[in-house]
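Engineer: Chains as they are written, first to last, in numbering that gives the first Met the number 0: chain A, 0 to 262; chain B, 0 to 284; chain C, 0 to 363.
Okay, handing you the structure first.
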Amino acid sequence: MRTLKRITRGIPGLYLLLILLLMYLPIVVVVAYSFNAQPKGLMWTGFTTEWYPALFQNRQIMASFKNSLIVAGWSCLIAGVIGTLGAVALSRTKIRSAAALETVAMLPIMTPEIALAMAFLVTFSLVGLPSGMLALVLSHATFCIPYILIIVRTRLTGLNPSYEEAARDLGAGPVRAFITVIVPLIAPAILSGVLLAFAMSMDDVIISFFMAGPTSTTFPVYVFGKLKTDVPPTINAMCTVTLGVTFIAVAASQLLRSKGSNT
Amino acid sequence: MRRKPNKKGGLLALMPLYLWTLLLVVFPMGYVLVMSFMTKNDQFGVDFILTLGNYIRLSDPSNMNILLNSLKTAVFTTLLTLLLGYPFAFAMSKRKKSQRNLIMLLVIVPFWTSALLRTYGWMLLMRSNGLLNNVLMGLHLTEKPIQFLYNNGAVLFGMTYSLLPFMILPLYSSLEKLDNSLLEASRDLGAGRLRSFLTITLPMTLPGVVSGCMLVFVPSVGLYFISDLMGGGSGMVLGNLISYYLTTGRDWPMGAALSMVMVVLTFLTMGVYRRFASNDSLGVF
Amino acid sequence: MKRVLSIMIALCMMLISIPAMAETASPEILEWVRAQADALSPDQKVVNVFTWTGYIPDEVVNQFMDETGITINYSPLLGDNEEVRTKISANPDMYDLVICSDYIIGTMADQGLLHEIDPAKIPNYANINPGFQGKFYDPDNKYTIPYTNSIPMLVYNTATSPVEVTGYTDLWDSAFENSLVCVAESRVIIGMAQKKLGMSYNETDPEKLALVKDELIKLRPNIVTLNSDTPHNALISGDASAGFMYGSQYNAARALIPELQNVYPKEGLGYGIDNIVVPAGAQHLDATYIFLNYLLDGQVSAYISSVIFYGNCNTAATEFLPESFQDEALQNLDPQMYAEAEFIMPLDAETQAIYDDIWISFRQ
């Protein structure tokens, strides 16, 4: 809180505070409505905490949330590895096709989601891959890679190549130099890339809808379906819970990141 | 800058990305491209009859209007986020390290809550009998509720709100990298605050400006749930149009052609971007 | 620590105690489904359902699962009927039971995507109200079991509306500027202009359709929002004073704003029947038939109607329907008008392109 106070000193500080307040205003509303007694969430009728236990009792919410975690976990793992390796390689090669590859690899986050979703559906059915967990993970990893690529690539451009060269001069092989020198240096960037990709995967509706099988409905798809009739407070409660967890996770990543950039 | 000739290792590390992009980006996107030149089937899906008709139909006045409207909204959103985001990133970069990290955290966290629910949050505040109108009426600033929702202003507001972080993050990272000794030198040479900002800070952060603009512009062309919910949805944007053709309209090739328009728009903005940003500062965050 | 433990125990208790639901199903059907399910092998105790969220209420699904041990995997359908066909075409053996709308069913049957339903396996088949069978999409009742019928209706707020609404024509009144909410369904909205001009919903004459386009564009200044999913929210929030929507949506709004009044437009009614179908590749037919028979039980059907508030298609349900259902949804519907209600039917490609143009021009 003390840091917050110091931030707000002066006009620039007030401006920062104002924009941040605006950013959080709708989130405060979402959290507040998780305590609304009205089960359809349309009007405020009174305070209750009953939606929190109801949340853990709801089989569909719990199952879909678990599915979402699995999909986001696997796709971030895959995207983390492929994106990091790709970013490192891209920063080292000057071949012309690399620039093209980089542009094409960005396409999944630049294409209308519904078009990408239908393209995935048709291509997967062409090769006989049924909708379900695997299709979900493959498609999510595809749109997670760009985020990781972007962030890790930035970190690498700011990196002094002499570290790696020194390691190589001291006799380390390229793989060892990569693992012992590069990875620790870019770890904070990988982590923030993965966290951003994780958030995008956990918030994806359209691709997930087309890729999901009968037992792999994800949380956002469930929420979106619910929002079509009304906004039940259990959904707000679930978001409040995830928000709390998120705050802790992002705080941890920021700590790691600032530690990393101090070196 | 010295580079060790380590091409083989580099290519090996590039392989997974290369293969993945080929199989899961080029292949499906190629399918969309091919489909955009096909004819729609009377019942379902596509007939494999080559045509340019879908692209010719893009110039229909109604399609054109929607396209232009989307572009207009996107341009305004980009300008607004830039106007709001630059001072924010600038003020942020002048803070101490610990404060900067805290602010960064606070900017990122909204990403982690459902974008849809955040939009609903705004709607609850802004609707006719919402909190905002109740406060205004309670203070006797207005007699009748003001209709904040369901107009172009609301769409612009919602878009700007959702995309502002995408502008702030790249701007901040280019401002943070800025070498303060340059600024000090220019001040020592007698340049005023404004002048050193215009001659040093702004040109040096141009790559950040361009990448922020790209990250905001491209999604804002396609983002339609905000215009549907906050704008009332009576006016379509490109995103709805694509969605309509791919579902209710049962015209996949037309939807594919419109998607290709978005992809081309993306390539164009990326091309402009590459022109401005040197390859080494490609990173946007 | 103790506190945490007691909270956790309390949470576990809540998880275990599932509230008893007495009136959702008849004792006979419960006994029947239990007996039938016992005969199934464990790997057949699954039904994969695909339809809009809440269209089969959670309580009904949960009770069936608890009574039979059959797992129901409920996949939410997010958009419109086209998405059903897109997903079923790509994955023909993924779902066992799908609920979707009339017009899409005919084309799905033509594509060979649907299973022929065997009435002999459904003792409650006789409960189906024959008035909802034999329609254009399934003339011989081979593939469908009618689930709900729905008539979009005009709704207006008697306190704030500038005009007393009796038909579509009133919506064109300039007093309604920027204060109407409608479902964002192209055919339903184009249909309002068609009925105002005395045409069919399925008009194919391009010249007449040109008139429809002009008429519809005149309506545009009055529309404050189009929303397929939650149009009632604009009525509740006071941003709209009248609109055109489905009974379930009217009912949700009416619960909070008693001044709302529904009206069946005098120019004519639109009409739709949502049906249960079984995809041709369904993998769990035995369990699916058990669930079908359960859904057709009079009490179950009445319970579903009372929750989702769409028209009921089950003769055995009538006696169990709550009074409010009769009162609010269908009270002032003239039987003659009901009989003349018109289906929205699929169009040929050329006409569809004209409708696309009308819709996109309206929304440009």
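Where is the CB? At the ideal position from N, CA and C, for every residue including glycine.
Only a predicted model underlies this, so the values are computations on that prediction, with no experimental measurement involved.
Would you mind working out which of B:PHE224, B:ASP59 and B:ASN64 sits nearest GLU112 (chain A), comparing C-alpha positions?
Structural biologist: B:PHE224
Engineer: Output the residue ranges of the alpha helix (DSSP H) runs that lie fully inside the segment 201 to 271 of chain B and measure 4 residues or longer, sorted by chain position.
Structural biologist: 205 to 221, 224 to 228 and 237 to 245
Engineer: Under a three-way DSSP split, which group does GLN330 (chain C) fall into?
Structural biologist: Note that GLN330 (chain C) scores a pLDDT of 46, beneath 50, so its modelled location is shaky; the value from the coordinates is reported in the next line. In the structure shown, GLN330 (chain C) sits in coil (DSSP, three-state: anything other than H, G, I, E or B).
Engineer: Counting only beta-carbon separations shorter than 8 Å, does LEU137 (chain A) have a partner in chain B?
Structural biologist: yes
Engineer: Restricting to Cα atoms, I'd like to know which of C:TYR146, C:LEU113 and C:ASP117 is closest to PRO129 (chain C).
Structural biologist: C:TYR146
Engineer: Throw me the rounded Cβ distance for the ILE359 (chain C) and SER61 (chain B) pair, which I believe falls under 8 Å.
Structural biologist: 5 Å
Engineer: How many whole angstroms separate the CB atoms of ALA12 (chain B) and VAL87 (chain A), which I take to be in contact at a CB cut-off of 8 Å?
Structural biologist: 6 Å
Engineer: Tell me which same chain residues have a C-beta within less than 7 Å of the C-beta of ILE8 (chain C), skipping the five on either side of it?
Structural biologist: Its pLDDT being 48, under 50, ILE8 (chain C) is placed unreliably by the model, and nothing is read from it.
Engineer: Could you give the distance in angstroms between the alpha-carbon of GLY227 (chain C) and the alpha-carbon of ILE247 (chain A)?
Structural biologist: Note that residue 227 (chain C) is Ser in the sequence shown, not Gly. Looking at the two C-alpha atoms, the distance is approximately 37 Å.
Engineer: When we look at the beta-carbon of MET63 (chain B) and count the other beta-carbons within 10 Å, is it buried (16 or more) or exposed?
Structural biologist: exposed
Engineer: Taking only the alpha-carbon atoms, compute the straight-line gap between VAL108 (chain B) and GLY243 (chain A) and give it to the nearest angstrom.
Structural biologist: 10 Å
Engineer: Go ahead and pull the three-state DSSP assignment for MET244 (chain C).
Structural biologist: strand
Engineer: Starting from the C-beta of GLY44 (chain B), find all residues in its chain whose C-beta is less than 8 Å away, skip the five residues before and the five after it, and write them out in chain order.
Structural biologist: TRP251
Engineer: Where PRO26 (chain C) and TYR136 (chain C) are concerned, what is the direct C-alpha to C-alpha distance, given to the nearest angstrom?
Structural biologist: For PRO26 (chain C) and TYR136 (chain C), the distance between alpha carbons rounds to 35 Å.
Engineer: Compile a chain-ordered list of the residues in the segment 127 to 141 of chain B whose CB is closer than 8 Å to at least one CB of chain C.
Structural biologist: SER127, ASN128 and GLY129
Engineer: For TYR200 (chain C), name the three-state secondary structure that DSSP assigns.
Structural biologist: coil
Engineer: With 8 Å as the threshold, decide whether the Cβ of ALA21 (chain C) is near any Cβ in chain A.
Structural biologist: Unreliable positioning characterises ALA21 (chain C) in this predicted model, as indicated by a pLDDT of 43, which lies under 50. The coordinate reading is nonetheless provided below. No, its Cβ sits nowhere closer than 8 Å to a Cβ of chain A.
Engineer: Strictly below 7 Å CB to CB, what residues from chain A border GLY238 (chain B)?
Structural biologist: PRO111
Engineer: Along chain B, in chain order, which residues have C-beta atoms closer than 7 Å to that of PHE230 (chain A)?
Structural biologist: Correcting the residue type first, residue 230 (chain A) is Val in the shown sequence and not Phe. Near VAL230 (chain A) (Cβ distances below 7 Å), the residues of chain B are TYR119.
Engineer: Under 7 Å Cβ to Cβ from GLU175 (chain B), same chain only, skipping five residues before and after it: list those, please.
Structural biologist: Excluding positions up to five away in sequence, the list reads SER92.
Engineer: With DSSP as the reference, label THR287 (chain C) as helix, strand or coil.
Structural biologist: helix
Engineer: Under the assumption that THR233 (chain A) contacts ASN57 (chain A) (Cβ atoms under 8 Å), give the Cβ distance between them as a whole number of angstroms.
Structural biologist: 6 Å
Engineer: I'd like to confirm the pairing. Which residues does DSSP put opposite PHE49 (chain C) in its beta bridges?
Structural biologist: C:SER74 and C:VAL97
Engineer: So LEU148 (chain B) contacts chain F; which residues on that side make the cut at Cβ distance below 7 Å?
Structural biologist: Any reference to chain F falls outside this structure, whose protein chains are A, B and C.
Engineer: Three Cβ pairs or more, each shorter than 8 Å: is that satisfied between the segment 193 to 209 of chain C and the segment 141 to 161 of chain C?
Structural biologist: no
Engineer: Could you check the C-alpha separation between TYR244 (chain B) and VAL180 (chain A) for me, to the nearest Å?
Structural biologist: 51 Å
Engineer: Quick one: does GLY367 (chain C) have its CB under 8 Å from some CB of chain B?
Structural biologist: No information on residue 367 (chain C) is available, as it lies outside the stretch 0 to 363 that chain C covers here.
Engineer: So, using beta-carbon positions, are LEU255 (chain A) and PRO187 (chain A) closer together than 8 Å?
Structural biologist: yes
Engineer: Let me make sure I understand the geometry here. Which of C:PHE308, C:ASN313 and C:TYR309 has the alpha-carbon closest to that of SER300 (chain C)?
Structural biologist: C:ASN313
Engineer: In chain order, what residues of the same chain lie with their CB nearer than 8 Å to the CB of THR313 (chain B), ignoring the 5 residues before and after it?
Structural biologist: The structure shown does not extend to residue 313 (chain B), since chain B spans only 0 to 284, so no value can be given for it.
Engineer: I need the DSSP call for MET20 (chain C), collapsed to helix, strand or coil.
Structural biologist: Caution applies to MET20 (chain C), whose pLDDT of 40 falls short of 50 and renders its modelled position unreliable; the model cannot decide the point.
Engineer: LEU169 (chain A) CB to nearest chain C CB: under 8 Å?
Structural biologist: no
Engineer: At a CB distance below 9 Å, what residues from the segment 68 to 87 of chain C approach chain B? Give them in sequence order.
Structural biologist: GLY78, ASP79, ASN80, GLU81, GLU82, ARG84 and THR85
Engineer: What three-state label does DSSP hand TYR267 (chain C) in the structure shown?
Structural biologist: In the sequence as presented, Tyr is not what sits at residue 267 (chain C); that position holds Gly. The answer is coil: DSSP assigns GLY267 (chain C) none of H, G, I, E or B.
Engineer: Counting Cβ pairs closer than 8 Å, one from the segment 218 to 227 of chain C and one from the segment 176 to 185 of chain C, do we hit at least three?
Structural biologist: yes
Engineer: If I follow the unbroken alpha helix (DSSP H) through CYS181 (chain C), where does it start and stop?
Structural biologist: Careful: CYS181 (chain C) lies outside any alpha helix (DSSP H), inside the beta strand (DSSP E) at 179 to 181.
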